[in-house]
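Asker: Under UniProt numbering, the first residue of the sequence shown is numbered 1, with each subsequent residue one higher. I have a structure I would like to understand better, so I am pasting it below and will then ask my questions one at a time.
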Amino acid sequence: MTAVTSATPGVVAVPGASEELVERLSDGLERVERLIVERTRHEDDFISEANLHLAQAGGKRFRPVLTMLAAELGDGITDEVVAAAAGVELTHLASLYHDDVMDEADLRRGAPSANAKYDNSTAILVGDLLFGSASDVIADLGPQAVKIQAQTFIRLCAGQIRDDRPCPDGQDPREYYRSVLADKTGVLVATAARYGAMFGGCSPEVVDMATEYGERLGVAFQLADDLIDIASRSGDSGKTPGTDLREGKRTLPVLNALASEDPADDELKALLVSDLDDPERLERVLELLRPHPAMTAAREEMLAVGRRAAEVLDPLPESDAKAALLALVASVVDRAG
């Protein structure tokens, strides 16, 4: 069998964290990476390689780091916390394989996407396999952890399905989109923080705080991505500007613009419901949307969600972990300017 090396180096950059906390998180992340490799190794070399294709493409390991940070609100990073962090990251990686198929992507983190490297059928099956591996890891943590994993998976998949469909008639499109974000992005970030607090020995009250903090942080993270897709210039973020627009996704800035009743926005609104595969048409939309009040309103909402995430932690005593969790909110929203 071909040897499979660690997915990524155990290097952690956490704003607001002390040197001692960063050292503990880095050690914990190395353990998470080793466990991911161990639990995705297969007797078939092709399956082993495909399992780790996206993991080895890089990534900040945002969710497992959050799991370990939440554990630091209690007794710290135990073997159970490491297992929970690995299970969450495997779940996230599995969702990326499915995302690549749904988005018909060519690249992911600068490497060939799963569907481009293999094919759609293989990418879907490897994603399924990784969901199974995640559940296998979580099963070692007991029935409550398994129940949480199942409920998370249900919401995650439901959010992806709803994100790929238009808002139903009679529903407010922006409220619909907010609920989609909570499911497709917020829930897994919430579970990451919840597991950390649970297996870090925190009280039920702190576990509830961590869960709420995580969901709000996840929604703020996705809202920031919505803004970056429009505001970024080529090469700034590693993402091609207007990708969501070209795919017809109605993110919050787009929905805000479409709700405008100002006749001056008629051109923009007409373009937003047209086929934006045409580069000149897409560039015109970006030109009109970047300075638009719809972007300002979306940015203000993102900041408000971030503030509410931070406020959840107000009752906690001051600590390195709390300071890092608060700084994490700031770093998430600062990405969008």
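For glycine and all other residues, C-beta sits at the position ideal for the given N, C-alpha and C.
Could you name the residues of the same chain whose beta carbon sits closer than 7 angstroms to that of E80, not counting the 5 residues immediately before and after it, in chain order?
Answerer: For E80, where only same-chain residues beyond five positions count, the Cβ hits under 7 angstroms are L141 and F199.
Asker: How should G132 be labelled, buried or exposed, when 16 other C-beta atoms within 10 angstroms of its C-beta is the threshold for buried?
Answerer: G132 should be labelled exposed.
Asker: For A197 and L328, what's the separation of their Cα atoms in angstroms?
Answerer: The alpha-carbon atoms of A197 and L328 are separated by roughly 16 angstroms.
Asker: Please work out which residues of its chain come closer than 8 angstroms, Cβ to Cβ, to D320, disregarding the five sequence neighbours upstream and downstream, and give them in chain order.
Answerer: Counting only Cβ-Cβ distances below 8 angstroms, and skipping sequence neighbours, we find A17, S18, E20, L21 and E72.
Asker: A134: buried (16+ other C-beta within 10 angstroms of its C-beta) or exposed?
Answerer: The residue is buried, with at least 16 neighbouring Cβ atoms inside 10 Å.
Asker: If I measure Cβ to Cβ from Y195 and keep anything under 6 angstroms in the same chain, skipping five residues before and after, which residues do I get?
Answerer: If we look at Y195 and ignore the five residues flanking it on each side, its Cβ neighbours are T67 and A84.
Asker: Report buried or exposed for S95, applying the criterion of at least 16 other Cβ atoms within 10 angstroms of its Cβ.
Answerer: The residue in question, S95, is buried, as its Cβ has 16 or more Cβ neighbours within 10 Å.
Asker: So what does DSSP say about L73, is it helix, strand or coil?
Answerer: Looking at L73 - three-state DSSP - the assignment turns out to be coil, as it is neither helix nor strand.
Asker: Kindly list the residues whose CB is nearer than 8 angstroms to the CB of S331, restricted to its own chain and excluding five residues on each side of it in sequence; keep chain order.
Answerer: Closer than 8 angstroms at the Cβ level, and outside the excluded window around S331, lie P15.
Asker: So, with DSSP's three-state summary, where would you put D15?
Answerer: It should be pointed out that residue 15 corresponds to Pro in this sequence rather than to Asp. P15 falls in the coil class under three-state DSSP.
Asker: With 16 as the cutoff for other CB atoms within 10 Å, does A310 come out buried or exposed?
Answerer: Classification of A310: buried, given that the 10 Å Cβ count is 16 or more.
Asker: So, at 6 angstroms on beta carbons, what are the nonlocal neighbours of T251 in its own chain, with the 5 sequence-adjacent residues on each side left out?
Answerer: Answer for T251: D226 and D244, listed in chain order.
Asker: Alpha carbon to alpha carbon, how far is V137 from L93? Give it in angstroms, no decimals.
Answerer: Straight-line Cα distance between these residues: approximately 14 angstroms.
Asker: Could you check the C-alpha separation between R335 and L129 for me, to the nearest Å?
Answerer: Near 32 angstroms, if we compare the C-alpha coordinates of L129 and R335.
Asker: Tell me which same chain residues have a C-beta within less than 7 angstroms of the C-beta of I77, skipping the five on either side of it?
Answerer: Around I77: R24, G28, M68 and A71.
Asker: Output needed for P168: all residues of its chain with C-beta closer than 8 angstroms, excluding positions within five of it in sequence on either side, in chain order.
Answerer: Excluding positions up to five away in sequence, the list reads Y176.
Asker: State the DSSP-derived secondary structure class of A297, mapped to helix, strand or coil.
Answerer: Helix at A297.
Asker: Could you work out which residue in E38, E261 and D99 is closest to residue 338 when comparing CA atoms only?
Answerer: An answer regarding residue 338 cannot be provided, because it is not within the stretch 1 to 337 covered by the chain.
Asker: Can you tell which of G186, A270, S26 and H42 has the C-alpha that lies nearest to the C-alpha of G306?
Answerer: Nearest option by C-alpha distance: G186.
Asker: When you compare only the Cα positions, how much space is there between L151 and L188?
Answerer: Per the sequence presented here, residue 151 reads as Gln, with Leu not at that position. So the alpha carbons of these two residues sit roughly 10 angstroms apart.
Asker: Tell me the DSSP secondary structure of residue 370 in three-state form.
Answerer: Residue 370 lies beyond the residue range present for the chain, which begins at 1 and ends at 337; the question has no answer from this structure.
Asker: Pop quiz: A182 and V219 are said to be a contact at Cβ under 8 angstroms. What is the actual Cβ separation, rounded to whole angstroms?
Answerer: A182 to V219, Cβ: 6 angstroms. Contact.
Asker: From P315, V32, T91 and S26, pick the residue whose C-alpha is nearest to that of V206; which is it?
Answerer: Of P315, V32, T91 and S26, the residue nearest in Cα terms is P315.
Asker: So, using beta-carbon positions, are L276 and L289 closer together than 9 angstroms?
Answerer: Contact: no.
Asker: Report buried or exposed for K60, applying the criterion of at least 16 other Cβ atoms within 10 angstroms of its Cβ.
Answerer: Exposed.
Asker: Taking the straight line between their C-alpha atoms, what separation do you get for A259 and V273?
Answerer: Cα to Cα, the separation comes out at about 12 angstroms.
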